[in-house]
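Protein chains: 2
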Amino acid sequence: MSKSIHLALGIHNHQPVGNFPEIFEMAYKKSYLPFVELLMSYPQIKVSLHYTGPLWDYFFEKHPEFIEKLKALVQSGQVEMMSGAYYEPILPNIPDRDKIEQIQWMNDVIRNNTGYEPNGMWLAERVWEPHLCEPVAMAGMKYSVLDESHFKYSGVPGDGIFGYYISEDDGYPLNLFPISYDLRHLIPFHEPHETIDFLESRATESGERLATFADDGEKFGVWPGTYKTAYEDKWLERFFDLLLDNSSWIKLITFSEYMKKYPPVDKVYLTCASYFEMMEWALPANTAKAFKKIQKEIKQSGKWEEYEPFLQGGFWRNFLRKYPESNNMQKRALMVSNKVHCMKGKETGRARNELWKCQCNCAYWHGVFGGLYLPHLRSAVYHHLIKAESLADLNRSKGKPYANIDICDYDCDSYDEVMLSTDSLGLIFRPGKGGRLFELDYKPAAVNLMNTMTRREEAYHDEVREAVKKHGNHDEGLVSIHEMIRVKEADLDQHLVYDWYDRASLLDHFITPETTIEEFRKCSYSEQGDFIDQPFSMNARKKKGGLALELKRAGGVWQEEEFLPLTIEKTVTLQDDRSKIVVDYVLTNPGDKELDTIHGMEWNFSFLSGKEDGFKVEGQILENRKIEGISSIEYVKNFSLTDTLRKLRIEFEMSVPSRLWKFPLETVSQSESGFERTFQQCVLLLLNRVKLSPGKQLKFNMKITVNPLEDDDSSVSIVPETEVTEAKAA
Amino acid sequence: MSKSIHLALGIHNHQPVGNFPEIFEMAYKKSYLPFVELLMSYPQIKVSLHYTGPLWDYFFEKHPEFIEKLKALVQSGQVEMMSGAYYEPILPNIPDRDKIEQIQWMNDVIRNNTGYEPNGMWLAERVWEPHLCEPVAMAGMKYSVLDESHFKYSGVPGDGIFGYYISEDDGYPLNLFPISYDLRHLIPFHEPHETIDFLESRATESGERLATFADDGEKFGVWPGTYKTAYEDKWLERFFDLLLDNSSWIKLITFSEYMKKYPPVDKVYLTCASYFEMMEWALPANTAKAFKKIQKEIKQSGKWEEYEPFLQGGFWRNFLRKYPESNNMQKRALMVSNKVHCMKGKETGRARNELWKCQCNCAYWHGVFGGLYLPHLRSAVYHHLIKAESLADLNRSKGKPYANIDICDYDCDSYDEVMLSTDSLGLIFRPGKGGRLFELDYKPAAVNLMNTMTRREEAYHDEVREAVKKHGNHDEGLVSIHEMIRVKEADLDQHLVYDWYDRASLLDHFITPETTIEEFRKCSYSEQGDFIDQPFSMNARKKKGGLALELKRAGGVWQEEEFLPLTIEKTVTLQDDRSKIVVDYVLTNPGDKELDTIHGMEWNFSFLSGKEDGFKVEGQILENRKIEGISSIEYVKNFSLTDTLRKLRIEFEMSVPSRLWKFPLETVSQSESGFERTFQQCVLLLLNRVKLSPGKQLKFNMKITVNPLEDDDSSVSIVPETEVTEAKAA
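Heads up: the protein sequence lines correspond to chains B and W, in order. Numbering of the first sequence is given in the numbering used here, commencing with residue 7 and proceeding in unit increments. Numbering of the second sequence is given in the numbering used here, commencing with residue 7 and proceeding in unit increments.
Structure below.
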């Protein structure tokens, strides 16, 4: 055979910060270890390997012997180690200095543990922006790998991907290898010889070409069914054998070796992109649906290949607009990065490590994996973020107790936020949008108790509805097993509820007496006031022993087809040295008509222990559905919630007996195994009748205390279960 | 009328650095002055005005009274002044520090001359990248304006453009106003009332919406036919009258005023984009053709509106790959920016001004205007670039004469460049690609004598061919007047010649004796050697009183179906204190066969005076076609070329009598008035028969001197014209 071709095999291995330890161990046993062991028995199979920081940390702690294996592979010249930003952040999602430092740290870890000096890096989710060349090159990187679709968008023809390209920003050069789409789909999902056939069809007389395969290592063992394929059915062995049988014309090479041997094909400039699907996921739901529709049309017309280079979805940063939850984590991490980079002294290293952990990409977006919808991943982000921030704050205050007020638009939505911080608590309010409280950090445990989600439409929700509908009325049990597996629950469509406002706390609702808890839960009630999304004026100040924030809005309430004026003043007070929050309310009727309405103060608490929230309450039970976690209780003054997993208790004390509605908020999202319902937070609504003559005021207050759970505390609810009724507001 | 709407009118006025003074004056008289005078007579018409740096410079010099008018308009509150990077660079095309400094300088000029403190800026060609928020916000800007297509790509629906959005990078916020596509096409190309009708259809009860018109001021007076429309037919007056008649519901407002009054519609993240056409132009020719084809299909199928938000061409930086000429200017400007920002002392300000001038966008790209294809615009870029560089070099050498060698890959193509610089000359070589010389700066006049173009296919060249073809054989004179106007010449298709290599100098061709000058000119000859694009080894060194670069390649030449070895050594020597270049050639036959071939040394000189290049030569004239500028002359030892416009003469001296071929290189490109042929450079080929026995060497040299033209020099060619013949290489 006179034709030949080079082949580079890049394997990227990753587990998110915050993933369960048993998942790390499972992935190690089913994928990371057997792959490397197989490599050791095939010394002629060259590969480029990438392990992200969470895996390195895990290897250091649990499997130092694995690192020895990597070192041996590197020393024999069989393996090139690829770098990357240590905790696998989406690069455009973090500041340049963190990009550079995280890559340099990975370089250090690789150098110190394997002796290899990395030349190139894996780019998390291949999320590219043209500005990246500069920080990546500044961190010492000479190359990265991207999808061939990135190149198509710049007019590189389909057969132009067999080699690498040089790009630059501001004169900082970076070589970019296009990953073959065909190889990603052949390996390991088709018989090994099909990859050989593909390579044969692309080989040339000059033999200069390079075919690049680079993909997730979890394809070999972790993804459903792949352990059987890769190891039990010996796909990998058969593939390696075939590569060796054809080694006369398939030349295995690492990316670094290829760069030394051949110049780039050409220069290239690549626009913001990732793999095709990611760009679709980043679009708003309605736009994504429209995009899916036209993709289908084009595929049906047989013109996909012709159209594809010009078809683009959104780009990664759109997730920050799509999900305010993602935006808040990203902007908080940015703020903490600024704080951490002002630190001096010995805690700096620890703070940076915590900062970089909170930048791990998985919780910041959502596609076919749970991602943002997984509470434990978001919780890990806040956990490390709060830890880093606490270290930085402590550093700045030189260890003295402090109480601080910051007012700025840190999340860049044009509305100023107010942040009240003490040693134990961090509260963030948005006066311009309902005077809401949307982050409540309990610092001793590094937990954001308001790590909530809002229920929003997703482009794939129609599929849930169709799956349920297609197979008949779910009450009749006609849903097929196949659909059941994907949909998981026969009545999942009933949970497709969308919130009309972002779920947060200290929200002021006004509802009619006829409104039921069920209607409120499903957002199918009628809001009578104008306080949820509207601006409150604010005044934040330090006071003796604490901090106070006064929020005030002269708004109104609908009453018998008239919009009557109503003023709400709510003052939040924080003690310096205690994890206690006091909220004082004053409702005033400034008008000349009698007001008679129902005020509902909404709170949202995110607990990792799910619906088992150790709910303790005294009062008259109107309704209590334990399985669904729905309660309506009258004459409530004291109650508490317990997060058994994080061992925290929140105690509430009302100055007036109120009606309490409590229900779990669940989202419906897509995961690798189908559509699923996820508990996100516990919603509390504290209802009070407001009957005010002209000029009159109603005053009440609420006290909230967060405490670690004593070991002998019972987390069992004392509330007895009741029949399902129609709990109304009054 | 209960519905209302806000309207912002943004007018952007620009002339490129290096444009002819008479164009500035024409545009002033036909557009800038009458527009502002009309505004003064309509004190209720609010507008936001932007004038780029070249215009400010022109006003300062020629029309200070115009600035007084602007000041009066600003002082009365009628006009908001918009800032921008001073000399209107494409922002992603220049370093962040230059972006910030150019914007700040424009802010200063506006503040000092009108008293207005600018809040927002015009973005040159609306070339956007998500990273821009940071430097733009750092320069003090709170807003910019972009096309509505930018927003569509992020999923903003069509009716979502009536307001503004907030974006950010790294927490630096920037407000972005979407320009209405409809308004851009209505104003002033449809009757004024159609704009009013459009606004009426978009007005709402709340009246909060903003319709944004922002476009080139040259639409009112400079663009073909628009002076008649705008002023003679009083389109503008009638439009302003209608706006005043409807002022009860059309509320004129500036961008800054609107931001104070209303919050943003939403957050937004925008991918790399510009207006739709720009993104198409940035694609490689073949890809652009494929894109045009599918656009046509989609429009025919009536699905344009549905598909458009997902259809994208390339992005601006693709021009740097498409045109190496643009890349060289950009990378040289980057290098000069680095040098200028290392300067100290009083010349720094002057150097920055020259640097910023060379960053003006117009010569760096090509769409429907000539742009890159216009020699006088590229020439202006090099002029200011060389001036800035000379100031920086002088600053670094502290005024002493210097001779410098730099070796680095400044243009980021993976091949090192070698730069030889003295006080009077700057030469740049690319050893890895034929040992070519591709920039020759004559510093006393700040001229790059090798500001050349390569003839490449453009997506619209098919249209030229079709236009000529459709109307029959051009020899028969059947081309319609309509097509003639657009095509300009009946045989323009004959000039669609594409070069197979980038045109540069010191290129080593080997051709057969049968090759004619015509074939060589049209790139339809057969190259016999392997020296044009292949690597030469190099050795650069300082020697007494000068600099030397030795280039060597052991290549080969085809001779009677055999590829025979041949080694070329070419040494370029530069004297410290003189603008003289000596090239010493040694051709060696290292093989065991007799070599008999023809060596042609190619040079390309770009003169602004076009084909009238004051060609003086002594020798035997084989062919001389004056009109076409094509000459073939035998036994040439001395000759000279004169650039009468820039008053420069280049003298050549050969050590051996050679045959000289000389012809003009012309491009065919699109401009606002149609397709046109443009003289770019004079190509010289110095031919010598190479007859070498095994082991033998041939040595010769060439001296090139650049001098200012003495006033009494004649620029008239002394070469008599001849009949058209077939001048062959031997």
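The C-beta atom is built at its ideal place from N, Cα and C for all residues, glycine as well. Computed from a predicted model, the values in this text were never measured in an experiment.
*With 16 other CB atoms within 10 Å as the buried threshold, where does E174 of chain W fall?*
Indexing the second sequence from 1 puts residue 174 of chain W at position 168. By the Cβ-count criterion, E174 of chain W is buried, with 16 or more other Cβ atoms from all chains shown falling within 10 Å of its own Cβ.
*asked:* Taking its Cβ as the centre, do 16 or more other Cβ atoms sit within 10 Å of H739 of chain W, making it buried, or is it exposed?
replied: Only positions 7 to 736 of chain W appear in the structure, and residue 739 of chain W is not among them; the question remains open.
*Using the DSSP secondary-structure output, state which residues sit across from S427 of chain W in a beta bridge.*
Here the question's residue 427 of chain W lines up with position 421 in the second sequence. Bridge partners of S427 of chain W: W:N410 and W:G432.
*How about T603 of chain W: is its C-beta nearer than 8 Å to some C-beta of chain B?*
Start at 1 with the first residue of the second sequence, and residue 603 of chain W comes out as number 597. No, its Cβ sits nowhere closer than 8 Å to a Cβ of chain B.
_Residue closest to F645 of chain W, alpha-carbon to alpha-carbon, out of W:K709, W:S612, W:I587 and W:K705_ = Taking the second sequence and counting its residues from 1, the one referred to as residue 645 of chain W is at position 639. Ranked by Cα distance from F645 of chain W, the first of W:K709, W:S612, W:I587 and W:K705 is W:K709.
*Under the three-state DSSP convention, the category R402 of chain B falls into*: Along the first sequence, one-based indexing puts residue 402 of chain B at 396. R402 of chain B: helix per DSSP, three-state reduction.
*asked:* Please classify G2 of chain B as buried or exposed, where buried requires at least 16 other C-beta atoms within 10 Å of its C-beta.
replied: No information on residue 2 of chain B is available, as it lies outside the stretch 7 to 736 that chain B covers here.
*Alpha-carbon to alpha-carbon, Y388 of chain W and G606 of chain W*: As a first step, residue 606 of chain W must be located in the second sequence, where it is residue number 600. As a first step, residue 388 of chain W must be located in the second sequence, where it is residue number 382. Using only the alpha carbons, I get a separation of about 28 Å.
*Helix, strand or coil: which one does DSSP assign to H738 of chain W?*
Examination of residue 738 of chain W is not possible in this model, given that chain W is present from 7 through 736 alone.
*Is it true that the region 527–538 of chain W meets the region 623–631 of chain W, where meeting means three or more beta-carbon pairs spaced less than 8 Å apart?*
As far as the Cβ criterion goes, the region 527–538 of chain W does not touch the region 623–631 of chain W, which means the pair count is below three.
_Looking at the secondary structure, which residues open and close the beta strand (DSSP E) in which K266 of chain W lies?_
Within the second sequence, numbered from 1, the residue matching residue 266 of chain W stands at position 260. Not the beta strand (DSSP E): K266 of chain W falls in the alpha helix (DSSP H), residues F261 to K267.
*For V712 of chain W, is the classification buried or exposed, using 16 other Cβ atoms within 10 angstroms of its Cβ as the cut-off for buried?*
As a position in the second sequence, residue 712 of chain W is number 706, starting the count at 1. Under this definition V712 of chain W is a buried residue.
*Is D602 of chain B helix, strand or coil when you go by DSSP?*
In the first sequence, the residue the question calls residue 602 of chain B occupies position 596. Here D602 of chain B sits in strand by DSSP.
_Counting only C-beta atoms, is K626 of chain W closer than 8 Å to chain B at any point?_
For the purposes of this step, residue 626 of chain W is identified with residue 620 of the second sequence, where counting begins at 1. The amino acid at residue 626 of chain W is misidentified as Lys; the sequence shows Gln. Not closer than 8 Å to any Cβ of chain B, the Cβ of Q626 of chain W fails to qualify, so no.
*What do you get for L340 of chain W, buried or exposed, if any count of 16 or more other CB atoms within 10 angstroms of its CB means buried?*
Stepping through the second sequence from its first residue, residue 340 of chain W is reached at position 334. Counting the other Cβ atoms within 10 Å of the Cβ of L340 of chain W gives 16 or more, which makes it buried.
*How about the region 49–57 of chain W and the region 74–88 of chain W: do they share at least three Cβ pairs that are nearer than 8 Å?*
The count of Cβ pairs closer than 8 Å, one atom from the region 49–57 of chain W and one from the region 74–88 of chain W, reaches three, so the stretches are in contact.
*asked:* Buried or exposed for G483 of chain B, going by 16 or more other Cβ atoms inside 10 Å?
replied: As a working mapping, residue 483 of chain B is identified with position 477 in the first sequence. Note that G483 of chain B has pLDDT 45, beneath the 50 cutoff, so the model's placement of it is unreliable and the number below is only indicative. Under this definition G483 of chain B is an exposed residue.
*Could you work out which residues of chain B lie near K734 of chain W, taking near to mean beta carbons separated by less than 7 Å?*
Here residue 734 of chain W is taken as the residue at index 728 of the second sequence, counted from 1. Those within 7 Å of K734 of chain W in chain B number zero; the least Cβ separation is about 34 Å.
*Identify which residue in B:A546, B:K404, B:G319 and B:Y507 has its Cα closest to the Cα of M425 of chain B.*
Counting from one through the first sequence, the residue named residue 425 of chain B turns up at place 419. Among B:A546, B:K404, B:G319 and B:Y507, the Cα nearest to that of M425 of chain B belongs to B:A546.
*Would a check of beta-carbon distances place V274 of chain B closer than 8 Å to chain W?*
Position 268 of the first sequence, counted from the first residue, corresponds to residue 274 of chain B. Judged by the 8 Å Cβ criterion, V274 of chain B is in contact with chain W.
*Residues of chain W with a CB under 7 Å from the CB of Y313 of chain B: which are they?*
Along the first sequence, read from residue 1 onward, the residue named residue 313 of chain B stands at position 307. The answer, in chain order, is I300.
*Can you tell me which of W:E672, W:L698, W:E206 and W:Y92 puts its alpha carbon nearest to the alpha carbon of M459 of chain W?*
Working through the second sequence from its first residue, we reach residue 459 of chain W at position 453. Checked all of W:E672, W:L698, W:E206 and W:Y92; the closest Cα to M459 of chain W is W:E672.
*Which one of B:L180, B:D165 and B:W111 has the shortest CA to CA distance from E140 of chain B?*
Position 134 of the first sequence, counted from the first residue, corresponds to residue 140 of chain B. Looking at the Cα atoms, B:L180 is the closest of the given residues.
*E331 of chain B and L378 of chain B: beta carbons closer than 8 Å?*
For the purposes of this step, residue 331 of chain B is identified with residue 325 of the first sequence, where counting begins at 1. For the purposes of this step, residue 378 of chain B is identified with residue 372 of the first sequence, where counting begins at 1. The answer is yes: Cβ separation under 8 Å.
*Under the assumption that S661 of chain W contacts N707 of chain W (Cβ atoms under 8 Å), give the Cβ distance between them as a whole number of angstroms.*
Here residue 661 of chain W corresponds to residue number 655 of the second sequence, with the count starting at 1. Here residue 707 of chain W corresponds to residue number 701 of the second sequence, with the count starting at 1. Confirmed, about 5 Å.
*Can you grab the Cα-Cα spacing for the pair F219 of chain W / R190 of chain W, in whole Å?*
Position 213 of the second sequence, counting from 1, holds the residue named residue 219 of chain W. Position 184 of the second sequence, counting from 1, holds the residue named residue 190 of chain W. Going by the C-alpha atoms only, they are around 6 Å apart.
*Could you name the residues of the region 110–143 of chain B whose beta carbon sits closer than 8 Å to any beta carbon of chain W, in the order they occur along the chain?*
Those would be E135, P136 and H137, in chain order.
*Same chain only: Cβ atoms within 8 Å of V722 of chain B, ignoring 5 sequence neighbours per side*: Mapped onto the first sequence, residue 722 of chain B falls at position 716. Reliability fails at V722 of chain B, whose pLDDT of 48 lies under 50, so the model's placement of it is uncertain and no value is given.
*asked:* Within the continuous beta strand (DSSP E) that includes L289 of chain B, where are the two ends?
replied: Walking along the first sequence from the start, residue 289 of chain B turns up at place 283. Under the DSSP assignment, L289 of chain B falls outside any beta strand (DSSP E); it carries neither an H nor an E label.
*Do we get a CB-CB distance below 8 Å when we pair N99 of chain B with the residues of chain W?*
Residue mapping note: residue 99 of chain B aligns to position 93 of the first sequence, counting from 1. So no, N99 of chain B is outside the interface.
*Run through DSSP, which three-state label would D104 of chain W get?*
By one-based count along the second sequence, residue 104 of chain W stands at place 98. DSSP places D104 of chain W within a helical segment (H, G or I) once states are collapsed to three.
_Interface residues of the region 316–333 of chain W facing chain B [CB-CB below 9 Å]_ = Shown in chain order are the members of the region 316–333 of chain W whose Cβ falls below 9 Å from a Cβ of chain B: F316, L317, Q318, G319, G320, F321, W322, R323, N324, F325, L326, R327, K328, P330 and N333.
*In this structure, does DSSP put T728 of chain W in helix, strand or coil?*
Against the second sequence, residue 728 of chain W aligns to sequence position 722. Note: T728 of chain W maps to coil in three-state DSSP.
_Could you check whether the Cβ of D536 of chain B sits closer than 8 Å to any Cβ belonging to chain W?_
Counted from its first residue, the first sequence places residue 536 of chain B at position 530. Not an interface residue.
_Separation of G438 of chain B from A451 of chain B, as counted between CA atoms_ = Walking along the first sequence from the start, residue 451 of chain B turns up at place 445. Walking along the first sequence from the start, residue 438 of chain B turns up at place 432. Looking at the two C-alpha atoms, the distance is approximately 30 Å.
*By the criterion of Cβ-Cβ separation under 8 Å, what are the contact partners of C366 of chain B in chain W?*
Translated into positions along the first sequence, residue 366 of chain B becomes position 360. Proximity of chain W to C366 of chain B at the Cβ level (cut-off 8 Å) is not reached, the minimal Cβ distance being about 19 Å.
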